[in-house]
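Trainee: Counting with this note's numbering, you get residues -9 to 250 for the letters of the sequence shown. Glycine is no exception: its CB is placed at the ideal position from the N, C-alpha and C atoms. Once you've had a glance at the structure underneath, I'll fire off some questions.
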Amino acid sequence: MLPSQPNKIAPVARAAKLWARFGFSEPADLVLEDLAFALGVVVIEGHLDSADARLVRNQKKGLIRVRKDIPEGGRKRFAIGHEMGHWELHEGVSQVFSCTSEDMLSGYKGSAPEIEANLFAAELLMPRSLFRRQMGCENPSALVLRDLAGYFQTSLTATAVRFVELSDEKCAMVLVEDGRVRWWRASEVFDGFWLDSKMQVSSATVAGAHLTGEPLPHEAEEVDGDAWLGSKAARVADVLYEVAIPLTGYGQILTLLWPA
Ligand SMILES: [Zn+2]
């Protein structure tokens, strides 16, 4: 049997409807715990072993437990938004969802409910029209991303994903862990951009140079396209701009790329 395909429309529409129903106009209006309570769900923080968050449903009442020691407020909010997505969308699927940090990243891969919960969380926390207005036509610098993450109270990683998803320009984000590509996303118009997952990051990239002890430049730096893209560079981008942002506490580097 083929795995079921995620519904990409309903999660977005459902989250947008909540903004309209509760009259939110900016992210500061969105107090997740209050919104969850109005929908019948209590949010608590507590100990969880392998999951970042869990939803238990008992008919019209729900309980979301979010892992207390998630180190970052933005990531915690995304986890709560994700469980609210299961609450709003998946009553007929399961009464219990236990979701890991991997589930919170499911974009193309992953099961349909996990992808749908992420689509819901992204739209709830960073509504597309508002996000597009805030991002303007800027390149995705560290400053721009930090401003957006502050405004939407989201993690830098989730903000970068949203930026790339909603950008009309060619751009990509790459999460580097232990010197390798863990995962990446590229904007829809960035034809041909493709990195093998687990690819070793070359020291000719800004992220790779930083891993060998080089200080990070403050501005975007030009790198040869083939340092990232190998033989694909000739048709995708000869030269790329790169900004690398170390994610302290996670041992990861968030890299942003766009053609020069
Ligand atoms: Zn989930």
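Strictly by DSSP, which residues pair up with K66?
Mentor: Position 76 of the sequence shown, counted from the first residue, corresponds to residue 66. Paired residue(s): none; K66 is not in a bridge.
Trainee: Are the beta-carbon atoms of W248 and K160 separated by less than 8 Å?
Mentor: Residue numbering aside, residue 248 sits at position 258 when the sequence shown is read from its first letter. Residue numbering aside, residue 160 sits at position 170 when the sequence shown is read from its first letter. Yes, the pair counts as a contact, with Cβ atoms nearer than the cut-off.
Trainee: Roughly how many angstroms separate the alpha carbons of I60 and R67, rounded to a whole number?
Mentor: Here the question's residue 60 lines up with position 70 in the sequence shown. Here the question's residue 67 lines up with position 77 in the sequence shown. Cα to Cα, I60 sits roughly 10 Å from R67.
Trainee: Going by Cα to Cα distance, which pick from V21, T238, T245 is closest to E62?
Mentor: The residue given as residue 62 occupies position 72 in the sequence shown. Of the listed residues, the one whose Cα sits closest to E62 is T238.
Trainee: Just to confirm, are E113 and N(-3) a CB contact at a threshold of 8 Å?
Mentor: In the sequence shown, residue 113 corresponds to position 123, counting from 1. In the sequence shown, residue -3 corresponds to position 7, counting from 1. Not a contact, by the Cβ cut-off of 8 Å.
Trainee: Does ligand 1 have a heavy atom nearer than 7 Å to the CB of A5?
Mentor: Indexing the sequence shown from 1 puts residue 5 at position 15. Checking every heavy atom of ligand 1 against the Cβ of A5, none is found closer than 7 Å.
Trainee: Say yes only if the C-beta of A111 is nearer than 7 Å to one or more non-hydrogen atoms of ligand 1, and no if none qualify.
Mentor: Counting from 1 along the sequence shown, the entry for residue 111 is found at position 121. Answer for A111: no, Cβ out of range of ligand 1.
Trainee: Can you tell me whether S157 is buried or exposed? The criterion is at least 16 other CB atoms within 10 Å of its CB, across all chains shown.
Mentor: Position 167 of the sequence shown, counted from the start, is the residue given in the question as residue 157. Classification of S157: buried, given that the 10 Å Cβ count is 16 or more.
Trainee: For H76 versus P103, is the C-beta spacing smaller than 8 Å?
Mentor: As a first step, residue 76 must be located in the sequence shown, where it is residue number 86. As a first step, residue 103 must be located in the sequence shown, where it is residue number 113. Contact: yes.
Trainee: Can you round the beta-carbon distance between V196 and P207 to whole angstroms, since I take them to be within the 8 Å contact cut?
Mentor: The sequence position of residue 196 within the sequence shown is 206, counting from 1. The sequence position of residue 207 within the sequence shown is 217, counting from 1. Indeed they touch by this definition, with Cβ atoms about 7 Å apart.
Trainee: So which residues touch the region around ligand 1, with touch meaning a C-beta under 7 Å from any heavy atom?
Mentor: Here the residues come out as H72, E73, H76, F87, C89, D93, P103, E104, A107.
Trainee: Output the residue ranges of the beta strand (DSSP E) runs that lie fully inside the stretch 130 to 217 and measure 3 residues or longer, sorted by chain position.
Mentor: The qualifying runs are 162 to 167, 170 to 176, 211 to 214.
Trainee: Runs of 4 residues minimum, wholly inside the stretch -9 to 30: which ones carry the alpha helix (DSSP H) assignment?
Mentor: Fully enclosed alpha helix (DSSP H) runs of 4 or longer: 0 to 12, 22 to 28.
Trainee: Buried or exposed, going by whether 16 or more other CB atoms sit within 10 Å of the CB of M(-9)?
Mentor: Sequence index remark: in the sequence shown, residue -9 carries index 1 (1-based). In this predicted model, M(-9) has a pLDDT of only 44, less than 50, meaning its place in the structure is not dependable enough to derive any value.
Trainee: For T202, does the count of other Cβ atoms within 10 angstroms reach 16, so buried, or fall short, so exposed?
Mentor: Against the sequence shown, residue 202 aligns to sequence position 212. Exposed, because fewer than 16 other Cβ atoms sit within 10 Å of the Cβ of T202.
Trainee: What span of residues does the alpha helix (DSSP H) with A41 cover, start to end?
Mentor: Along the sequence shown, read from residue 1 onward, the residue named residue 41 stands at position 51. A41 -> no alpha helix (DSSP H), and no H or E assigned at all.
Trainee: Can you list, in chain order, the residues of its chain whose CB lies under 6 Å from that of S(-6), leaving out five sequence neighbours each side?
Mentor: Here residue -6 refers to the residue found at position 4 when the sequence shown is read from its first residue. Cβ neighbours of S(-6) beyond the five flanking positions: A102.
Trainee: If you measure between the beta carbons of I54 and A41, is that distance less than 8 Å?
Mentor: On the sequence shown, residue 54 is found 64 positions in, with the first residue counted as 1. On the sequence shown, residue 41 is found 51 positions in, with the first residue counted as 1. Contact flag unset, no.
Trainee: Within 10 angstroms of the Cβ of V233, are there 16 or more other Cβ atoms? Answer buried if so, exposed if not.
Mentor: Taking the sequence shown and counting its residues from 1, one reaches residue 233 at position 243. That one is buried.
Trainee: Tell me the DSSP bridge mates of L115?
Mentor: Taking the sequence shown and counting its residues from 1, one reaches residue 115 at position 125. Partner(s): none; L115 has no beta bridge.
Trainee: Who are the near neighbours of A223 in its chain, counting only those whose CB is closer than 6 Å to its CB and skipping five residues on each side?
Mentor: Numbered from 1 along the sequence shown, position 233 holds the residue referred to as residue 223. Within the same chain, A223 has close Cβ partners G215, D216.
Trainee: Using the rule of at least 16 other Cβ atoms within 10 Å of the residue's Cβ for burial, across every protein chain shown, is P130 buried or exposed?
Mentor: Within the sequence shown, the letter at position 140 stands for residue 130. Counting Cβ neighbours within 10 Å, P130 comes out buried, since at least 16 surround it.
Trainee: Quick one: give me the first and last residue of the beta strand (DSSP E) that A234 is part of.
Mentor: In the sequence shown, residue 234 corresponds to position 244, counting from 1. Element bounds for A234: 229 to 237.
Trainee: So, under 8 Å CB-CB, T149 and A139 are touching, yes? Tell me the CB distance rounded to an integer number of Å.
Mentor: On the sequence shown, residue 149 is found 159 positions in, with the first residue counted as 1. On the sequence shown, residue 139 is found 149 positions in, with the first residue counted as 1. Right, the Cβ-Cβ distance comes to about 4 Å (below 8 Å), so this counts as a contact.
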